[in-house]
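Under the numbering used here, the first residue of the sequence shown carries the number 60, and numbering increases by one thereafter. Using N, Cα and C, we set each Cβ at its ideal position, and we do this for glycine too.
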Amino acid sequence: MKRQDKGKDSGGRRPRTDDVLRLVPWLRERNPLVQRLDDACIKLLFEGAVIRSATRDTVLLATGEPQRYIFLLTEGHIAQRVESNKIQREVLSFGPGEIAGLSALVDQDSAPYDLVAVNTVEFVRIDCDILARYAAVFHPVMLRLLQVAVPDLVTRLRALVERSVVLAARKTATLSGDGVTLARFDR
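Printed below as a string of structure tokens:
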């Protein structure tokens, strides 16, 4: 898999910063979180945001890297993948209008997953370092943003827990046949 160059999008162009806010009406139509944000929250969220693009198999965030960005997709799909026993599994996928990496809003620790472009993608990359500075001084608009975003994050965490239970059940499932029980560790 390719790594994304920090200064340019994968097409070799400089990231665009001038037209991020033009996407707000489109995003409000497609994303319930953005629908619930007022204009002040939107302006704060998009401060320092840039529009980027990446080609298929580009790693936007690798396991172990600090979660510094939120990725708001405008085109294409991003997969959230985890690796166990040298097997990569897709845990979640995100399409146009959806937000990947939302946990960076509240926790910028090391990522427990990879975010990978499934195909050619365009996204708004939101810098959570800027948002963390606002949160550190209890900025009222940032507190409102957190109030709106945390329920979505909790919903995603619950979905991940359910998905991990299913994956764990598959991993420990057994097959019976001819009086011999075989343990399955391949899924």
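Handout entry: beta strand (DSSP E) runs contained entirely in the segment 116 to 154, provided each spans 3 or more residues
Key = Every beta strand (DSSP E) of 3 residues or more that sits fully in the segment 116 to 154 is shown, in chain order, as 117 to 120, 128 to 134, 137 to 143, 146 to 153.
Practice task
Take every Cβ of the segment 145 to 158, pair it with every Cβ of the segment 99 to 118, and state whether three or more of those distances are shorter than 8 Å.
Solution key: no
Exercise for the section: Check each candidate in L82, E88, L92, P84 and name the one with the smallest Cα separation from R203. Expected result: For the purposes of this step, residue 203 is taken as the residue at position 144 of the sequence shown. The alpha carbon of R203 has as its nearest neighbour, out of L82, E88, L92, P84, the alpha carbon of L92.
Exercise for the section: Return helix, strand or coil for M201, following the three-state DSSP convention. Expected result: Your numbering for residue 201 matches position 142 in the sequence shown. M201: helix per DSSP, three-state reduction.
Practice task
Flag this pair as yes or no: are the beta carbons of V175 and S112 separated by less than 8 Å?
Solution key: In the sequence shown, the residue the question calls residue 175 occupies position 116. In the sequence shown, the residue the question calls residue 112 occupies position 53. Contact flag unset, no.
Exercise for the section: State buried or exposed for G123, treating a residue as buried only when at least 16 other CB atoms are found within 10 Å of its CB. Expected result: Your numbering for residue 123 matches position 64 in the sequence shown. With fewer than 16 Cβ atoms within 10 Å of its Cβ, G123 is classed as exposed.
Exercise for the section: Give a yes or no on contact between the segment 161 to 178 and the segment 125 to 132, applying the rule of three or more CB pairs nearer than 8 Å. Expected result: yes
Practice task
Can you grab the Cα-Cα spacing for the pair H198 / A159, in whole Å?
Solution key: Taking the sequence shown and counting its residues from 1, one reaches residue 198 at position 139. Taking the sequence shown and counting its residues from 1, one reaches residue 159 at position 100. Going from the Cα of H198 to the Cα of A159 covers about 24 Å.
Exercise for the section: Find out if the Cβ-Cβ distance for the pair L161, I129 is shorter than 8 Å. Expected result: As a working note, residue 161 is residue 102 in the sequence shown. As a working note, residue 129 is residue 70 in the sequence shown. In this structure, L161 sits near I129, with a CB-CB distance shorter than 8 Å.
Problem - Spatially closest choice to D97 from S143, V200, Y193, L219, by CA coordinates - result: Within the sequence shown, residue 97 is the residue found at index 38, counting from 1. Closest by alpha carbon: V200.
Problem - Residues near Q94 in its chain [Cβ-Cβ closer than 7 Å; skip 5 each side] - result: Looking up residue 94 in the sequence shown gives position 35. Only R87 meet the Cβ criterion.
Handout entry: R217 beta carbon less than 8 Å from that of Y172
Key = One-based indexing of the sequence shown puts residue 172 at position 113. One-based indexing of the sequence shown puts residue 217 at position 158. Contact: no.
Problem - Own chain residues within Cβ distance below 7 Å of F182, not counting five before or after - result: As a working mapping, residue 182 is identified with position 123 in the sequence shown. Close CB contacts of F182 within its chain, under the 7 Å cut and outside five residues either way in sequence, are with R111, F130, L131, L132, T133 (chain order).
Practice task
Using only alpha-carbon positions, find the residue among K102, I101, E149, A138 that is nearest to S223.
Solution key: On the sequence shown, position 164 is the one that residue 223 refers to. Of the candidates K102, I101, E149, A138, the one whose C-alpha sits nearest the C-alpha of S223 is E149.
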